[in-house]
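A.B. asks: Protein chains in written order, with this note's numbering: chain U, 1 to 276; chain Z, 277 to 552.
For each residue, glycine too, the CB sits at the ideal point set by N, CA and C.
Source: prediction; values computed, not measured.
Handing you a structure now.
Number of protein chains: 2
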Amino acid sequence: MEIQSENACFGGVQGVYTHASKATGTDMTFGLFQPAEAQDGPVPVLWYLSGLTCTHENAMTKAGAQAWAANEGVALIFPDTSPRGEGVADDDAYDLGQGAGFYVNATENPWAPHFNMWDYVTEDLPELVFNEFALDADRQGITGHSMGGHGALTIAMTMPERFRSVSAFSPICNPTASDWGRKQLGAYLGGDNTKWVAHDASLLMKNNGFEGPMLIDTGTKDQFIDLLKPEALANAIASRRQQAIFRMQPGYDHSYFFVSSFMEDHVSFHAEALYA
Amino acid sequence: MEIQSENACFGGVQGVYTHASKATGTDMTFGLFQPAEAQDGPVPVLWYLSGLTCTHENAMTKAGAQAWAANEGVALIFPDTSPRGEGVADDDAYDLGQGAGFYVNATENPWAPHFNMWDYVTEDLPELVFNEFALDADRQGITGHSMGGHGALTIAMTMPERFRSVSAFSPICNPTASDWGRKQLGAYLGGDNTKWVAHDASLLMKNNGFEGPMLIDTGTKDQFIDLLKPEALANAIASRRQQAIFRMQPGYDHSYFFVSSFMEDHVSFHAEALYA
């Protein structure tokens, strides 16, 4: 693991690190915020998965999460959204290939060799960070924005024993029925729709649900709301009688101005579960 | 004035606007955060002047200031740092020309026609924003980072009747004695050093001081600290018996991780003066 940068930040350290990933077969870069409390022993962790076109850097610099994480004594992990580099397949579209890993393990070429973001986020990166840093693997929460909200919800509902709490900002809720989903799941997983089910938060809510608390925020003026389909997840939550807070925030759009506006709520929400 | 974007943000609106500036003879773009209270009438204003290489956008997206400004009911203005565009002079160096206006009115060519950032920030932009938005010209504070800290301090000490409070993050404190200053003041104002005095915060502190409260934060690990020369300003503050809070923050560097870490303090500091 190579240290790219470490900056003092809200009494803790905002670092950027690069490591060789087994899952992707590439070097991967991630951000990690450690609050001051990490100097005294393992702290709880909140994973933040980013959206289409993002790297590890966007949320790290624009979501304003460190302020609240420092208040709560929680670490933040900001993974990248895909493998990158010259030997890695890509597509001209912003929503496929590099920057658009969709948090799945690709089975189809040209994506299969490197696009294993599910394994990266659930196996590879956890193994590294829990070995290298004072982080408490028994206290993990997960959140994300847009494609990253999709990732957070699908991973949490697949690994409920790992995550005490899950939240999402404007998540892609029903990718098997959306142009933000059908294109990517088809490219990465192939045409057999039955393989897509494990990566659709609304279907997972119907089939699995989640043991712990759940918080979802979406803006009523989100310019991508027809692609996000929050109505599908809301329906599934209510139908399942799932514990959840589902909020439509008046006037807000899809931007980081929206994410940052509600970040305090999300970090507090997770901290309550992680320190319970 | 043209609206580039308006995003809901912490209950208010983060906007970006473009207008034709008389001072620079170019189109200029700025950011403005209006808290929810602006819907009910004029709110106090905090100006944020940015540093070298920045546009209106850096602080608007990375400083985390809107959270605290929303709490306090204060508007934020984020001007650009120079005129820009094809007909505007530039230099290959990052610290001269576009992105490096230094908050002076250039008298020397090729800069003189457009590089009038002092007039832009003190005349042109105020005239526009106090006409167009629900902002209270009788309640203004000013802050900034690095070159923008220099701008905030020099403008406040020149116009103490306008600003109730001034603060700065890692300001350039003594540009007449620094490579961050001598180069730019020489290029924009010419070789006559007596014309530089009006743009040196340490000399202005000696000669003018400031009527109201002043807050200065600099990181002990600032990688540019030899160029900033906080010791010159600290000396001048103490020698003058100026009301001030001058802080060296242990371990922090020059980045926006530093700025965001102490933004709550700065916004609260100004709000106390603006709501007094």
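In whole angstroms, give me the CA-to-CA distance for U/A69 and U/P35.
C.D. replies: Counted from its first residue, the first sequence places residue 69 of chain U at position 69. Counted from its first residue, the first sequence places residue 35 of chain U at position 35. Each residue's Cα considered, the two are about 7 Å apart.
A.B. asks: Thinking Z/L372 and Z/A474 are a contact (beta carbons under 8 Å), I'd like their distance in whole angstroms, please.
C.D. replies: By 1-based counting over the second sequence, the position of residue 372 of chain Z is 96. By 1-based counting over the second sequence, the position of residue 474 of chain Z is 198. That pair is no contact at about 19 Å.
A.B. asks: Assuming contact is defined by CB atoms lying nearer than 8 Å, are U/V121 and U/L227 in contact in what I supplied?
C.D. replies: Here the question's residue 121 of chain U lines up with position 121 in the first sequence. Here the question's residue 227 of chain U lines up with position 227 in the first sequence. Contact flag unset, no.
A.B. asks: Leaving out five residues before and five after Z/I492 in sequence, what residues of the same chain have Cβ atoms less than 6 Å from its Cβ?
C.D. replies: Locating residue 492 of chain Z in the second sequence gives position 216, where the first residue counts as 1. These residues qualify, in order along the chain: A444 and F522.
A.B. asks: Please give me, in chain order, every unbroken run of the beta strand (DSSP E) with length at least 3 that falls completely inside the stretch 445-506 of chain Z.
C.D. replies: Fully enclosed beta strand (DSSP E) runs of 3 or longer: 490-495.
A.B. asks: Could you check if U/A20 is buried or exposed, using at least 16 other CB atoms within 10 Å of its CB as the buried criterion?
C.D. replies: The residue given as residue 20 of chain U occupies position 20 in the first sequence. With fewer than 16 Cβ atoms within 10 Å of its Cβ, U/A20 is classed as exposed.
A.B. asks: Which of the three DSSP states is assigned to U/E161 in this structure?
C.D. replies: Taking the first sequence and counting its residues from 1, one reaches residue 161 of chain U at position 161. Of the three classes helix, strand and coil, the one that applies to U/E161 here is coil, per DSSP.
A.B. asks: Report the option in Z/M524, Z/R440, Z/E278 and Z/G424 whose CA atom is closest to the CA atom of Z/E507.
C.D. replies: Reading the second sequence from its first residue, position 231 is the one you call residue 507 of chain Z. Looking at the Cα atoms, Z/M524 is the closest of the given residues.
A.B. asks: Going by DSSP, what residues sit across from Z/M524 in a beta bridge?
C.D. replies: As a position in the second sequence, residue 524 of chain Z is number 248, starting the count at 1. Note: Z/M524 sits in a beta bridge opposite Z/T494.
A.B. asks: If you follow the alpha helix (DSSP H) that U/A59 is in, where does it begin and where does it stop?
C.D. replies: One-based indexing of the first sequence puts residue 59 of chain U at position 59. U/A59: member of the alpha helix (DSSP H) spanning E57 to K62, first to last residue.
A.B. asks: For Z/W323, does the three-state DSSP call read helix, strand or coil?
C.D. replies: In the second sequence, residue 323 of chain Z corresponds to position 47, counting from 1. Of the three classes helix, strand and coil, the one that applies to Z/W323 here is strand, per DSSP.
A.B. asks: Spatial neighbours of Z/P320 within its chain, please: CB distance less than 6 Å, with the 5 preceding and 5 following residues excluded, ordered by chain position.
C.D. replies: Position 44 of the second sequence, counting from 1, holds the residue named residue 320 of chain Z. Within the same chain, Z/P320 has close Cβ partners V350, D412, R415 and L550.
A.B. asks: Using alpha carbons as the reference points, say which of Z/N484, Z/N347 and Z/G495 lies closest to Z/P526.
C.D. replies: Position 250 of the second sequence, counted from the start, is the residue given in the question as residue 526 of chain Z. Ranking Z/N484, Z/N347 and Z/G495 by Cα distance to Z/P526 puts Z/G495 first.
A.B. asks: Measure the C-alpha to C-alpha separation of Z/Q518 and U/E264 and round it to an integer number of angstroms.
C.D. replies: Residue mapping note: residue 518 of chain Z aligns to position 242 of the second sequence, counting from 1. Residue mapping note: residue 264 of chain U aligns to position 264 of the first sequence, counting from 1. Distance between the alpha carbons of Z/Q518 and U/E264: 37 Å.
A.B. asks: Answer with buried or exposed for U/D192, where buried requires no fewer than 16 other C-beta atoms within 10 angstroms of its C-beta.
C.D. replies: To locate residue 192 of chain U, count along the first sequence from 1; it is residue 192. It is exposed - the Cβ of U/D192 has fewer than 16 other Cβ atoms within 10 Å.
A.B. asks: Among Z/P359, Z/K482, Z/C285 and Z/M336, which has the Cα closest to the Cα of Z/F391?
C.D. replies: The residue you call residue 391 of chain Z lines up with position 115 of the second sequence. Closest by alpha carbon: Z/P359.
A.B. asks: Taking 6 Å as the limit between beta carbons, can you name the residues of its chain near Z/D367, skipping five residues before and five after?
C.D. replies: Taking the first residue of the second sequence as 1, we reach residue 367 of chain Z at position 91. Within the same chain, Z/D367 has close Cβ partners G373.
A.B. asks: Please classify U/Q4: is it buried, with 16 or more other beta-carbons within 10 angstroms of its beta-carbon, or exposed?
C.D. replies: Against the first sequence, residue 4 of chain U aligns to sequence position 4. Its Cβ having fewer than 16 others within 10 Å, U/Q4 is exposed.
A.B. asks: Does U/Q243 get closer than 8 Å to chain Z when you measure Cβ to Cβ?
C.D. replies: Mapped onto the first sequence, residue 243 of chain U falls at position 243. For U/Q243, the answer is no, since every Cβ of chain Z falls outside 8 Å of its Cβ.
A.B. asks: Considering only residues of the stretch 366-439 of chain Z, which uninterrupted beta strand (DSSP E) runs meet the minimum length of 3 residues and lie entirely inside it, listed in chain order?
C.D. replies: 411-420
A.B. asks: Taking the straight line between their C-alpha atoms, what separation do you get for Z/A382 and Z/T337?
C.D. replies: Here the question's residue 382 of chain Z lines up with position 106 in the second sequence. Here the question's residue 337 of chain Z lines up with position 61 in the second sequence. If you take the alpha carbons of Z/A382 and Z/T337, they lie about 29 Å apart.
A.B. asks: In chain order, what residues of the same chain lie with their CB nearer than 6 Å to the CB of Z/A510, ignoring the 5 residues before and after it?
C.D. replies: Working through the second sequence from its first residue, we reach residue 510 of chain Z at position 234. Cβ within range, chain order: F522.
A.B. asks: Taking 7 Å as the cut-off, does the CB of Z/N483 come closer than this to any heavy atom belonging to the ligand MN?
C.D. replies: Ligands displayed in this structure: none; no statement on the ligand MN is therefore possible.
A.B. asks: Spatial neighbours of Z/L465 within its chain, please: CB distance less than 8 Å, with the 5 preceding and 5 following residues excluded, ordered by chain position.
C.D. replies: Along the second sequence, one-based indexing puts residue 465 of chain Z at 189. Within the same chain, Z/L465 has close Cβ partners V380, A382, T383, E384, K471, W472 and H475.
A.B. asks: Using a Cβ-Cβ cut-off of 8 Å, state whether U/Q14 counts as contacting chain Z.
C.D. replies: As a working mapping, residue 14 of chain U is identified with position 14 in the first sequence. It does; some Cβ of chain Z falls within 8 Å.
A.B. asks: Among residues of its own chain, excluding the 5 on either side of U/V88, which ones have a beta-carbon nearer than 7 Å to its beta-carbon?
C.D. replies: In the first sequence, the residue the question calls residue 88 of chain U occupies position 88. Excluding positions up to five away in sequence, the list reads T26, Q98 and H114.
A.B. asks: Helix, strand or coil for U/E86 per DSSP?
C.D. replies: In the first sequence, the residue the question calls residue 86 of chain U occupies position 86. Residue state, collapsed to three classes: coil.
A.B. asks: So, with DSSP's three-state summary, where would you put U/A236?
C.D. replies: Residue numbering aside, residue 236 of chain U sits at position 236 when the first sequence is read from its first letter. In this structure, U/A236 counts as helix in the three-state DSSP scheme.
A.B. asks: Please check the pair Z/Y532 and Z/A339, which I expect to be a contact at CB under 8 Å, by giving their CB distance rounded to whole angstroms.
C.D. replies: What you label residue 532 of chain Z is simply residue 256 of the second sequence in a count that begins at 1. What you label residue 339 of chain Z is simply residue 63 of the second sequence in a count that begins at 1. That pair is a contact at about 6 Å.
A.B. asks: Between U/L46 and Z/V535, what straight-line distance do the alpha-carbon atoms span, to the nearest angstrom?
C.D. replies: Taking the first residue of the first sequence as 1, we reach residue 46 of chain U at position 46. Taking the first residue of the second sequence as 1, we reach residue 535 of chain Z at position 259. If I take the Cα positions, the gap works out to 23 Å.
A.B. asks: What's the C-alpha gap between Z/A512 and U/F10?
C.D. replies: Here residue 512 of chain Z refers to the residue found at position 236 of the second sequence. Here residue 10 of chain U refers to the residue found at position 10 of the first sequence. The straight-line gap from Cα to Cα measures roughly 29 Å.
A.B. asks: Three-state secondary structure (DSSP) at Z/S297?
C.D. replies: For the purposes of this step, residue 297 of chain Z is taken as residue 21 along the second sequence, with counting starting at 1. Note: Z/S297 maps to coil in three-state DSSP.
A.B. asks: Over what stretch of residues does the beta strand (DSSP E) that includes Z/D303 continue unbroken?
C.D. replies: By 1-based counting over the second sequence, the position of residue 303 of chain Z is 27. Z/D303 -> beta strand (DSSP E) spans D303 to Q310.
A.B. asks: Could you tell me the alpha carbon to alpha carbon distance between U/M117 and U/T24, rounded to whole angstroms?
C.D. replies: Reading the first sequence from its first residue, position 117 is the one you call residue 117 of chain U. Reading the first sequence from its first residue, position 24 is the one you call residue 24 of chain U. Straight-line Cα distance between these residues: approximately 7 Å.
A.B. asks: Report yes if the CB atom of U/S170 is closer than 8 Å to the CB atom of U/L52, and no otherwise.
C.D. replies: Mapped onto the first sequence, residue 170 of chain U falls at position 170. Mapped onto the first sequence, residue 52 of chain U falls at position 52. No.
A.B. asks: Is the distance from the Cβ of Z/I353 to the Cβ of Z/F306 below 8 Å?
C.D. replies: Taking the first residue of the second sequence as position 1, residue 353 of chain Z is located at position 77. Taking the first residue of the second sequence as position 1, residue 306 of chain Z is located at position 30. Their beta carbons are under 8 Å apart, which means Z/I353 touches Z/F306 by this criterion.
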